[in-house]
Structure formats: structure tokens, C-alpha cells
Amino acid sequence: MSTLLPRIIFVCCTVYFGAGAFAQTTGPTPAPMPAEIAPPRDMAYPGTIRLEVDATDTVRHIFNVRETVPVSGGARVTLLYPKWLPGKHWAAGRIDALGGLVIKANGARLEWTRDPVDVYAFHVDVPVGAASLDIEFQFLSPVESAQGRVVMTQEMLNLQWDAVMLYPAGYFTRQIPVAASVKLPEGWRVAAALDVASTAGSVTTFKPTSFEELVDSPIFAGRYFKTLDLGNTGAAPVRLNIVADRPELLEIKPEYEEAHKAMVRQAFKLFGSHHYEHYDFLLALTDRMGGIGLEHHQSSENGTVPEYFTEWAKNAGERDLLPHEYTHSWNGKFRRPADLWTPSYNVPMRDSLLWVYEGQTQYWGIVLAARSGLLTKQQALDSFAATAATYDHRIGRAWKSLQDTNNDPITAMRRAMPWRSWQRSEDYYSEGQLIWFDADTLIRELSRGRKSLDDFASTFFGINNGSHVPVTYTFEDVVAALNSVQPYDWATFLRGRLDGHGPGAPLDGLARSGYKLVYTDTPTDLLKSAETSSRSLGLTYSLGMVIGREAKLTDVLWEGPAYKLGLTPGTQIIAVNGTAYTDDRIKDAITAANKSGAPIEVLVKNGDVYRSVRFDYRDGLRYPRLERVANTPDRFDMILSARK
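As C-alpha cells, then:
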């Protein structure tokens, strides 16, 4: 108990009972906090850190690290393990995976002490006469997905430098020079945005760079490897570097390669600038290494299904990944929210503007995919329909605003949620997409087609062509840029959508685009493809649930029919109307109930408990799609058509 409560009681008793009624007691007092760790300063670090990573232990998934850090003898040094990681938006540093830390100076082992408050910090007393610290440790990466994202297999690896380096406290990361090298398995090839200084056998040494740029330039490497030249934007080359589980997955038809080249051209037409010397897509075609979509200034980490190229027609839902991450070179890396930019990786980030950083990027990801031919117009429409329906049923907005979902990476740490429609989970991505679609159609309507969100993109992100230096922004900067394109009360427009509680999603853009959201008894081809790849059956808009593998529920709509019957994620469906469960049987039962009016009897198992539940549902199968509104402008066609 704090000492405040007894003081309050004492004062109250003094007033009502007299000063002698109770005696003042003595309780614990706070233990003194340790000295604060030196904050980062914008000054040059004296010397270059040398970093050597041995990434050849692909069987045990272990990265062995050797590091030499220049220091001044006779002083205490604090070494930091990166905690707040760009693009992840939360304290995602895997300090738990650091093992075997040994620090020496002049050959003698030094004892380190972990900071008792900031466990990502290690204090070392450097002896007089020592000029450097020699550090060794291992990054013990996950060997199975239950332990986290798998980043190393016997065919490929993803090396993120923040996982394999300690850095000195007290400096901006852009002021710490690092000379890094990596040893890979024999015969593997490597790709990164870093410039290579030399290659000797299986060791690649990169040119010295800042720690900031090193962390922003991860590696993909693998046994089966291919590079495609996607052309130049403003004389800056763009490459697609691909690693795969098997060599046959690298077979790419010319038209698929051309669609990726068109994506690069369309992005440059949209933004009218570039902010990289060269850009490297890192793409893994795998079901063995963990999936990823992570942006960087001059590269991006992308993981998708192994058959991305070889079964093109089945994987339309995967094809906005690359344009999304590419857009981040402009939106997120070059132009960055002021409260999200930090001088080091151990200063907390604030995520208040992720609805711009991620929401508008989500919008451009779909638009660029359509403009380049990665998606057809119909596939893009189907994607918008699925998003609109999802967020029109996001009942959690009744208590939690979209603005507050910007905090979700920090509060939820991207864990799975039992009640996503009520808890909300990073809705700033796709509901943010709907807001920017709303803004785009409004600009087009108000300007009578003379202006669009394309003009905002070039105005806001297209400045300082060729510069790598980030430019930060605030909410007020976003509003001012919108007003420079099309005068309007944009502050009220945005705040109403960010802070409001509905009901329903911001779907005004659909009406302005000449479409409306409807539900039919047949899923779109895009939904069918998504269900096939995820091995699930989506019944969200009928029975209020999604059925996954082993007939277990993976999602239940809050206050939907399944919820009201007490079903939860993890509940297993055993039988439908007295017959063993199959996807087709439950769909047939829903269709039959629509005609007969009879309830649907479902036998379910939750843990060791079996019970029968009855769905009194008669509205049939319901899947979202967009329907054209006659005699209205097709602004979707204008938005999705390729720029000339």
C-alpha cells in the first residue's frame, strides 16, 4: 500500500474524531532508482564498430556474433540492445534471444551488469589502457514458429542487424559508424541495400555505414536465388531479389515480371521522386521461413507463399504486398511522423499518426497493384468490398476510436486476440485505407476531376528528390498539404473519422465512386482464393464466425449469431443437422434454412464439453461485393487506371 492512503485517513480522522484517534504508522519507502542511462546526443561516435556475423549454423538457427567497440579506458560504458524497432511500431527487440554474452578488453574478461530498470542495457567498467571492447554472443533465433518468427532455414535466412548488435548509449544511431560482414553457407547468395566492399569465399564485407542505415538494410540470403532488374526511377535502379525453398519456384513468366516493372514505373509517376540510391526488394517464396512485410528506406523484407509466381491465379491476395512496402520508401521512411522518429532504438516510439503511415500506404498498395496489372480492376474492387464489409461490422468502434487503435502495436504487441471485432487490432491499416479512399473521392468531386489524392502524394512525399534525409510531419502538416491540393475543412473531416464511434465504417467514398456495398450468396473470386489459401470458411456475415482447420472457429463476430450462442474461437464443429461436419454441409444448411425457415442444429465441442446449439438464422449465405450504381461517375475506374 502507498503511504498516501494512511495520510488521507489520518487527516479525515483529525477532522471528525480528533488528532489522537489514530496513530500515524510508518510504511515502506521507495528504493532509490539507479542512475539514468545517458540519453542520445547528436555527436560523432569516436571510432568505427566492427561487426562480424557467422550465419552458417542453419541446422540450429544460431547466429554467432563478434563485435569490436572502440572505447576510452577507465570509464563505464553502457551497451544497448535495440528495443524499439522502426516499422514494427513497438518494443519488439528480442532481448530474450540474446545468449552467451562475453565481453573482454586486452584479452581479459570483464564482468557486465544488466541495468535493473532497462533490461536492454548492459554496463561495463572499462579498465585503464583499454582501447576497445571485444564482444561475443549468439542470437538464438526461433527453431519453430511457436517461439516467434523463423528467420533461418537450411535454404534461406533473413538477417536483421538490430538482432545481432550491441551499441553504445549516448549517441544518435546515425552518428555511430559500423563496418559489418557476414559469413554465409557455401554457395549461398546475398541481397541487401548495403554496398559491398569485398567478397572472400563465403564472407561478404560491406562498406562502413551508420548504425541507423545498417539496421535499415537487412539481408536476405539463400541457396536458390534470383535477381530481376525492375528498371530505373530517376536514374536509381530497382531490383527484385528472390530466395525460394526450391529452384523451380523461381520460374517467372515474362508478363509477371513486366507487372512488377510497371509497379515501379507507376510509383514514380505517383510520387514524382525517389529517396534511394538504389532500391532492393527482398522477397522470400517460402512456407519454411516466417512471413514478413517490413519497410525500409532503400529496401523491404517481404515473405509470401512459395507459389507466388508458379500459381499466379491462386494468389491475387498476396500481390499488394510489394507495392505496399515500396510505398513506405516515401510514406514512413522518407516522410515520417514526428513522434514516431527517434534518435536511437531505445527511445520509445509514439504511434499517433499510423493512420497516415500505414493507412495511406495500404491505400496506395491496392491502387498501385491495380495500376500496374498486379491486380485486375475487379480484384481491386473485390478487395475494397472485403475491407468495407469488415469495418462496417467492426462493432468495437462503439467504445474504441480508430485513433486509439494506433496504440495497438504497443498495447497488444501483435498477439492473437479472441474477440478482434470488439477489441480492434491495428485497424488504422485498412480502416485508414477507407478514410484515404474517402478523401480521394471527395477531392475528385470537389475539384470536378481536376485534382486527386495523387496530387497530395506528389506534394507531400515528392519533395527533396534524391534526398535520403527523413522529413518529419505532424497532423497539422497533413491538413495543410490537403488544403493546398483542395481547400476544405480537412481537420474536421479527419478528426470525425478518427475519433468517432460510428455506427458503421467510413464508406462515403463508395457512393462517390459510383458503387455500393451489397451482399450476395456467392463469394467473389478473391474471397474464394483467400479461403483456399488459408484453409478457412468465412461465414462472418451469416452465422457470425470463421471456420478454420480441423473445423475449429478462428474468429467469432461480437454479438453475432455464434457469439449469442456462446461459441468462441477454438470451438470445434462436430456435426451439422445430425451429420458429420464439412464446409459444404454447413453452407447447404444455411441455404436450406433460408428456404424452409427451419433452424440449423450444430453439435460443437469446446474443450471436453460437447453440446448442441441451434441457429435461428434464415437470411442465407452473405458475401460482400461492390455493385455499380447506374448513372454515376465511375471514380474507381479513374483511381485504378494506370497513369500515362
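Going by this note's numbering, the sequence shown opens with residue 26, and the numbers climb by one from there. Yeah, the Cβ is synthetic: ideal placement off N, Cα and C, and Gly gets one too.
Exposure label - residue i; buried when at least 16 CB within 10 Å
i	result
L651	buried
Y192	buried
F42	With a pLDDT of 45 at F42, under the threshold of 50, the modelled position of this residue cannot be trusted, and the question is left open.
N490	exposed
K11	Because the chain here runs from 26 to 669, residue 11 falls outside it and cannot be looked at.
Q179	exposed
K108	buried
G569	buried
E326	buried
D67	exposed
P279	exposed
Y635	exposed
G384	buried
H300	buried
V381	buried
M438	exposed
H526	exposed
Inter-residue Cα distance where the pair is residue i and residue j
i	j	result
S27	S450	At S27 the pLDDT is 38, less than 50, meaning the model places this residue with poor confidence; the figure from the coordinates comes in the next sentence. Looking at the two C-alpha atoms, the distance is approximately 35 Å.
S377	E169	33 Å
L646	E575	21 Å
M58	L406	56 Å
D659	V392	15 Å
D345	E556	17 Å
S408	L551	7 Å
I128	S446	48 Å
E92	F147	15 Å
I120	Y453	28 Å
Y304	A260	11 Å
G99	V151	5 Å
P348	E61	42 Å
S621	P167	53 Å
P31	A63	Because the pLDDT at P31 is just 35, under 50, the model does not fix this residue reliably, and the value given afterwards should be weighed accordingly. Their Cα atoms are separated by approximately 37 Å.
T50	V144	35 Å
D533	S426	18 Å
D187	T484	33 Å
S223	E332	34 Å
F518	A287	33 Å
Short Cβ contact (9 Å threshold) for residue i with residue j
i	j	result
W355	F296	yes
I160	L104	yes
D79	V90	yes
Q387	Q458	yes
M190	V203	yes
Q291	S397	yes
G563	P548	yes
K185	P141	The sequence shown places Gln at residue 185, rather than the Lys named in the question. No.
I598	K577	yes
K476	F661	no
E302	G112	no
T593	P443	yes
Y642	I664	no
A464	F481	yes
Y416	T545	no
G342	G328	no
R653	G539	yes
L165	V149	no
Integer Cβ distance of residue i from residue j, believed to fall under 8 Å
i	j	result
T234	L219	7 Å
I317	R174	7 Å
G132	F162	G132 to F162, Cβ: 18 Å. No contact.
T499	A363	5 Å
Heavy atom of the ligand PLP within 8 Å of residue i beta-carbon
i	result
F409	Because no ligand of any kind appears in the structure shown, any question about the ligand PLP cannot be addressed here.
Practice task
May I ask you to verify whether the segment 498 to 515 touches the segment 455 to 473, counting CB pairs closer than 8 Å and requiring at least 3?
Solution key: yes
Problem - Given 8 Å, three or more beta-carbon pairs between the segment 429 to 437 and the segment 493 to 509 - result: Result no; under three Cβ-Cβ pairs closer than 8 Å.
Exercise for the section: Taking 8 Å as the threshold, find out whether the segment 366 to 376 comes into contact with the segment 326 to 340 through three or more Cβ pairs. Expected result: Contact fails: fewer than three Cβ-Cβ distances are below 8 Å.
Handout entry: Meets three-Cβ-pair contact criterion under 8 Å: the segment 267 to 277 and the segment 239 to 249
Key = yes
Practice task
Count the CB pairs spanning the segment 272 to 282 and the segment 214 to 231 that are closer than 8 Å, and state whether there are at least three.
Solution key: no
Problem - the segment 623 to 633 contacting the segment 598 to 607, beta-carbon criterion three pairs below 8 Å - result: yes
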